[in-house]
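Going by my numbering, the first residue of the sequence shown is number 12, and it counts up by one from there.
Take a look at the structure set out below.
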Amino acid sequence: MAQKNAHCSYCGAPFAAAAPWPRRCAACGNTSYLNPLPVAVVLVPVGGGVLLVRRAIPPQQGTLALPG
12 MAQKNAHCSY CGAPFAAAAP WPRRCAACGN TSYLNPLPVA VVLVPVGGGV
62 LLVRRAIPPQ QGTLALPG
């Protein structure tokens, strides 16, 4: 039986057979998680742009994101 989630969803490179989760792609550096979850975001217009928030928690702590 083929291994599920055996390839990077970003670049298509194969993961190592026994790689633990989350898996980091050796080819592109993308991190893949076993339990992707659906989310909702909101675009809040402010002046000529949109409102962004700075993430306070991992993953990607400190980066900009849409509120949701």
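C-beta atoms are modelled at their ideal positions from N, C-alpha and C, and glycine is treated no differently.
When you compare only the Cα positions, how much space is there between residue i and residue j?
i          : j            : result
proline 47 : valine 55    : 25 Å
alanine 67 : alanine 29   : 32 Å
alanine 17 : threonine 42 : 13 Å
With a threshold of 6 Å on Cβ separation, who are the neighbours of residue i within its own chain once the five nearest residues in sequence on each side are excluded?
i           : result
tyrosine 44 : Pro33
Check whether the Cβ atoms of residue i and residue j lie closer than 8 Å to each other.
i           : j          : result
cysteine 36 : alanine 27 : no
glycine 79  : valine 52  : yes
Mind checking if residue i is an interface residue toward chain B, Cβ cutoff 8 Å exclusive?
i          : result
leucine 75 : Protein chain content of the structure displayed is limited to a single chain, and chain B is not contained in it.
Is residue i near the ligand GTP, going by C-beta to nearest heavy atom under 7 Å?
i          : result
leucine 54 : The model depicted lacks the ligand GTP and carries no ligand whatsoever.
Tell me which same chain residues have a C-beta within less than 8 Å of the C-beta of residue i, skipping the five on either side of it?
i          : result
alanine 38 : Cys19, Cys22 and Ala24
glycine 40 : none
leucine 75 : Leu63, Val64, Arg65 and Arg66
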